[in-house]
Amino acid sequence: MTSESWLPLRNGLHGTTAWYRNIQNPLSNIKEVEIITARRLRRGCKPLIGRYYEPLNISKLIFQITSPKNIFLPEVKTSLAFLLGSILFSIGGALDLSNIHGATYLFVIGSTAFLLGAYWQIDQMIKTHRLHLSGKIDYLSCSFIAVLSSKIGTLAYNLNSYSSYLHPKAINWAWLMSETIPYTAGSFLFVIAGYFHIVEIGHGRGILTAQIQSLEWWIAITFALGSLFFLISAILGFPGDIQTATAVHQNASDIFCIIGGLTLSIHSILSLAECSEAN
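The letter at position 45 of the sequence shown is residue 25 when you use my numbering, and the numbering goes up by one with no holes.
Given below as structure tokens:
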């Protein structure tokens, strides 16, 4: 099969989100257009002929979720890391809600898993762009902003969880600056990442452009929703009494942390299904 170089297909306000090239099958002598989106490129998925995504089919989705994965592939490691972190955040929120000791340890491990997942994500994006697009990375594109925002967000989560672990009795401004604000900042950066993931999937056609049959669209939506729930959790965790390090709505904060973790768990499971499309 012969082909030409990749050319921008969607080049809008937030950078290129898809590329195309003309191909010709020597067996059938038919000319077609091969399309690779920014997300499929970043995740190591194959190009598609004449369309942006594979239509979603429930039986196929179940097969993709349950099929064996190569855990050494960066996209699989990223999905597993975010799945582990999401589950641990949910369990940690449940333990905190029940006043059971041990939530801090789970948040430390979970935030570390998020950090590793974000590292593998941005590392793979750079490597795939170098391989397929001659290293052409648009540092103002929605793709790069999304992965960079989530990366910085995981650093903020780590600051929050490790501060809580190392200084469990922190009060006053020390508690606010080392725990509450980093958790809020990390969640806000995750929301930004979620927004740009949706823009990336919508190819500049608006954040509410529904693609019900697109697995990638559901992945982006669940990430954005999970991030939003974490942000609500962080806001509800702001101090009611800073002197005693007491949140204004601690129980509600824990509940939204649980919901956010469960939503990101769904996102991670769907991302694992997407890994089955990798070359």
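Positions of the beta carbon are idealized from the N, C-alpha and C atoms, including for glycine. Every value quoted in this text rests on a predicted model; they were computed, and no experiment measured them.
Taking the alpha-carbon of residue i as reference, which of the options has the nearest alpha-carbon?
i: residue 70; options: 125, 56, 85, 171; result: 85
i: residue 248; options: 57, 165, 159; result: 57
i: residue 302; options: 253, 231, 245; result: In the structure as shown, the chain starts at -19 and stops at 259, and residue 302 therefore has no counterpart that could be examined.
i: residue 206; options: 134, 229, 132, 242; result: 242
i: residue 172; options: 129, 136, 213; result: 129
i: residue 137; options: 79, 28, 237; result: 237
i: residue 13; options: 19, 23, -1, 218; result: -1
i: residue 36; options: 192, 229, 16, 148; result: 192
i: residue 216; options: 33, 163, 34; result: 163
i: residue 270; options: 158, 195, 233, 101; result: Residue 270 is absent from the structure shown; the chain starts at -19 and stops at 259.
i: residue 77; options: 4, 227, 25; result: 227
i: residue 32; options: 17, 11, 42; result: 17
i: residue -3; options: 10, -15, 19; result: 19
i: residue 196; options: 82, 170, 41, 232; result: 41
i: residue 235; options: 48, 135, 209; result: 209
i: residue 29; options: 21, 15, 110, -5; result: 15
i: residue 23; options: 72, 108, 147, 4; result: 108
CA-CA distance, residue i and residue j?
i: residue 175; j: residue 106; result: 21 angstroms
i: residue 88; j: residue 156; result: 18 angstroms
i: residue 259; j: residue 50; result: Residue placement at residue 259 cannot be trusted, given a pLDDT of 44 that sits under 50; what the coordinates show is reported in the next sentence. Rounded to the nearest angstrom, the two C-alpha atoms are 11 angstroms apart.
i: residue 239; j: residue 203; result: 12 angstroms
i: residue 1; j: residue 168; result: 37 angstroms
i: residue 74; j: residue 177; result: 29 angstroms
i: residue 65; j: residue 59; result: 10 angstroms
i: residue 256; j: residue 45; result: 8 angstroms
i: residue 252; j: residue -13; result: 29 angstroms
i: residue 98; j: residue 91; result: 11 angstroms
i: residue 200; j: residue 181; result: 7 angstroms
i: residue 166; j: residue 127; result: 13 angstroms
i: residue 152; j: residue 198; result: 41 angstroms
i: residue 221; j: residue 80; result: 22 angstroms
i: residue 131; j: residue 93; result: 12 angstroms
i: residue 113; j: residue -11; result: 13 angstroms
i: residue 38; j: residue 250; result: 12 angstroms
Go ahead and pull the three-state DSSP assignment for residue i.
i: residue 57; result: helix
i: residue 145; result: helix
i: residue 246; result: helix
i: residue -13; result: strand
i: residue 22; result: helix
i: residue 123; result: helix
i: residue 32; result: coil
i: residue 78; result: coil
i: residue 50; result: coil
i: residue -18; result: Legend: pLDDT at residue -18 = 45, less than 50; position of this residue unreliable, value from coordinates given subsequently. Strand at residue -18.
For the alpha helix (DSSP H) containing residue i, list its first residue and its last residue.
i: residue 40; result: 38 to 46
i: residue 194; result: Segment: none, residue 194 is in no alpha helix (DSSP H) and carries neither H nor E.
Just reading off the beta strand (DSSP E) that residue i is part of, what are its end residues?
i: residue 228; result: Run containing residue 228: none; DSSP gives neither H nor E here.
i: residue 14; result: 10 to 17
i: residue 162; result: Where residue 162 is concerned, there is no enclosing beta strand (DSSP E), although the alpha helix (DSSP H) it sits in stretches over 161 to 182.
i: residue 220; result: 219 to 221
Should residue i be counted as a contact of the ligand FMN given a C-beta to heavy atom distance under 8 angstroms?
i: residue 144; result: By its list of ligands, the structure shown contains no ligand whatsoever, and the ligand FMN lies outside what it can speak to.
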